[in-house]
Structures are given as structure tokens and as C-alpha cells.
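So for the sequence shown, the working numbering puts the first residue at 9; every next one is plus one.
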Amino acid sequence: MVQGRGISATMVVLCMLGLFSEMTHAATYVVGGHIGGWAFNITSWPDGKNFKAGDTLVFNYNPQYHNVVIVDESGYNSCSAPAGSKTYQSGHDSITIASGTTYFICTNAGHCGAKMKMAVTAP
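Written out as C-alpha cells, the structure is:
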């Protein structure tokens, strides 16, 4: 039997299974459901969902009227986006969430105030 100092095939397989396992646990959520999309009065949409870090949120909306901006808690509460906030405006944005709470708002005039905002928490 030949013994070497390299990585064994078993170690490679175990590493690949671990990565695959992590990928299979990520979920994709269409914000607002398939019909509603990213819209007004969306604040309660995350309620009852068990998000995890690595899950993907898909925001569908008309980019002529809306956008999606990731803000901090202060920006969420005040409906304002601090300088440097990440802004999406394609109308079909896929955003992978990290652990903790991520805050989303629409920055078009009056939209955030009309509850076009939401907070998603992932452990």
C-alpha cells in the first residue's frame, strides 16, 4: 500500500458532500409571492418564514416605478437610504441574504412610507 502526504480521495469526497449539503439547504423565495411581487404593504410578507443565511430573495417589480435598496435599521425606520446603499433596479433582482437582519426599502417618493419595505432575519 502506498501512503502519501497528499489529500486522500475520501477527504475530497467529504469536502464536496459538505459543500453540496450547504447548497441544497438554501431556498429561493419570491418576495410577495408569485402574483404580488415587491409592492406596497409588503412589510408582513416575511412573517412565518424561516429564512437562513444563503437563501435567495427574488424581487419582481416594474423598474419604471420601483427599486430595491438595502439599508441599515436607521434607514429602514426613516425610509431613507444612506450614501453608498446598494440599489437594485432591474425589476427582477436576486439577492442572497446573510445572517442577521437585512432591511429593504423602495426609495421612490412615498413608497417606503406606504410600507414598501421589509426586514428579513436569518440566523
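Heads up, the beta-carbon is just placed ideally off N, CA and C, and yes, glycines get one too.
Anticipated Cβ contact below 8 Å, residue i with residue j, distance rounded
i      : j     : result
Tyr1   : Phe59 : No statement about residue 1 is possible, as the shown extent of the chain runs from 9 to 131 and does not include it.
Ile78  : Lys94 : 5 Å
Ser102 : Ala61 : The pair is not a contact, with the Cβ atoms about 15 Å apart (cut-off 8 Å).
For residue i: DSSP bridge partner residues
i      : result
Phe59  : DSSP, once it has assigned bridges, lists no residue as partnering Phe59.
Met126 : Phe112
Asn68  : His100
Assigned exposure category for residue i - 16 Cβ within 10 Å defines buried
i     : result
Asp63 : buried
Ala47 : buried
Coil, strand or helix - residue i by DSSP
i      : result
Ser29  : Note that Ser29 scores 42 on pLDDT, short of 50, meaning its location in the model is unreliable and no value can be drawn from it.
His74  : coil
Ala117 : coil
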